[in-house]
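Have a look at the structure below, then the notes.
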Amino acid sequence: MAMTPLERLEQLNMELAEVRAAISAVLRGAQEYRIGSKSFRRADLGLLYEERTRLEREIADIENGGMFRAVYFEGR
84 MAMTPLERLE QLNMELAEVR AAISAVLRGA QEYRIGSKSF RRADLGLLYE ERTRLEREIA
144 DIENGGMFRA VYFEGR
């Protein structure tokens, strides 16, 4: 069954919190951090930043009404 936009938003926000915690732990010197079944090491910090950016974009898309927006272009 598909998630509602609100359920998806809640899931994305939880994932974002986990990724932010992982980034923080790695920056504080943790050699390894786990999110569910995935394990990240200091060398994976770039991947964590990419995932954070992806999640933030997806959250913004949902909060701003999805990928379609009404735009009015004034005629010439």
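Residues are numbered in my numbering as their position in the sequence shown, beginning at 1, plus a constant of 83.
Just so it is clear, CB atoms sit at the ideal spot from N, CA and C, and this is done for glycine as well.
From what residue to what residue does the beta strand (DSSP E) around residue i run?
i	result
S122	121 to 124
E115	115 to 118
Do residue i and residue j have their C-beta atoms within less than 9 Å of each other?
i	j	result
L95	L128	no
L110	F123	no
A113	R125	yes
L92	E146	yes
Alpha helix (DSSP H) containing residue i: first to last residue?
i	result
T87	Unbroken run through T87: none, as it is neither H nor E.
G158	Per DSSP, G158 belongs to no alpha helix (DSSP H) and is neither H nor E.
Quick one: residues in its chain with C-beta nearer than 8 Å to the C-beta of residue i, no 5 flanking neighbours on either side, listed in chain order?
i	result
I142	L92, L95, N96, L99
Ignore the nearest five residues each way along the sequence and tell me which others in residue i's own chain have a CB closer than 6 Å to its CB.
i	result
I106	L131
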